[in-house]
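Residues in the sequence shown are numbered from -6 upward in steps of one, following this note's numbering.
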Amino acid sequence: MDAVSSWAPVVGFTLLPHVGSVWGVRITKREIPTWYKTLKKPSWCPPNWVFAPVWGTLYTSLGYGSYLVWKELDGFNDKSMVPLGLYGGQLLLNWSWTPIFFGNHKIGGGLVTLLLTTGAAAATTTVWYHVNKTAAYLMYPYLAWLAFASVLNYQIWKDNPSKKNTE
């Protein structure tokens, strides 16, 4: 039983970010062949198949980083409230992007959500750096992808003025 209990936190924390993506995947799969296909996208927009493995990798890194912070601070307590609270906040923002952008077709709203997510993720990374440097380093690819996603979302918003009227 001790072997299972020692693995439970690392598995739970690592899988947690994937939980929110379950709902998002359902929305995205419905909207890609219909609404998303009609949007004008820049030539540097990755093909649709790239997004799932990228997000899967990033979510796994985020989750494991949160485990390292949790472990370093001896679980849920006053010391872990800010580092894990910031993490939870940015994760909720991250999960909300898909229903806003894909579900509600709010391109500008998606951009605002991405910018808020990026700010919260940067704050999380900064706080984590003082707790566990490896955890902070695991956030760097996520921050880079959020920056790329923000520029892509902005370009889609800019290139689809007729779609702005629904926002």
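Note that beta-carbon positions come from the ideal geometry of N, C-alpha and C, so glycine has one too.
Distance between residue j and residue i (C-alpha atoms, nearest Å)
{"i": "alanine 113", "j": "threonine 106", "result": "10 Å"}
{"i": "glutamate 160", "j": "histidine 98", "result": "Its pLDDT being 49, under 50, glutamate 160 is placed unreliably in this model, and the value from its coordinates should be taken loosely. Each residue's Cα considered, the two are about 8 Å apart."}
{"i": "valine 43", "j": "serine -1", "result": "34 Å"}
{"i": "proline 2", "j": "aspartate 67", "result": "12 Å"}
{"i": "asparagine 125", "j": "lysine 72", "result": "13 Å"}
{"i": "alanine 137", "j": "threonine 119", "result": "15 Å"}
{"i": "cysteine 38", "j": "proline 26", "result": "16 Å"}
{"i": "leucine 51", "j": "phenylalanine 69", "result": "23 Å"}
{"i": "aspartate 152", "j": "tyrosine 29", "result": "13 Å"}
{"i": "leucine 145", "j": "threonine 21", "result": "16 Å"}
{"i": "alanine 45", "j": "valine 15", "result": "11 Å"}
{"i": "leucine 86", "j": "isoleucine 93", "result": "10 Å"}
{"i": "threonine 31", "j": "valine 75", "result": "42 Å"}
{"i": "arginine 23", "j": "glycine 96", "result": "9 Å"}
Residues near residue i in its chain [Cβ-Cβ closer than 7 Å; skip 5 each side]
{"i": "histidine 58", "result": "Per the sequence presented here, residue 58 reads as glycine, with histidine not at that position. So the qualifying residues of the chain are Trp121, Ala128, Leu131 and Met132."}
{"i": "asparagine 41", "result": "Ile25"}
{"i": "proline 134", "result": "Leu51 and Ser54"}
Presumed contact (8 Å Cβ cut-off) between residue i and residue j, rounded CB distance
{"i": "serine 77", "j": "tryptophan 63", "result": "Note that residue 77 is leucine in the sequence shown here, rather than serine. Right, their Cβ atoms sit about 6 Å apart."}
{"i": "threonine 111", "j": "serine 143", "result": "6 Å"}
Short Cβ contact (7 Å threshold) for residue i with residue j
{"i": "leucine 79", "j": "alanine 116", "result": "yes"}
{"i": "glutamine 148", "j": "proline 10", "result": "no"}
Beta-carbon proximity list for residue i, same chain, < 6 Å, skipping 5 on both sides
{"i": "tryptophan 150", "result": "Ile100, Gly101 and Leu104"}
{"i": "glycine 13", "result": "Trp88"}
{"i": "proline 154", "result": "none"}
{"i": "glycine 17", "result": "Thr91"}
Closer than 7 Å to chain C by CB, residue i
{"i": "tyrosine 57", "result": "The structure shown has no chain C; it contains just one protein chain."}
Three or more C-beta pairs below 8 Å linking the segment 46 to 56 and the segment -1 to 14: yes
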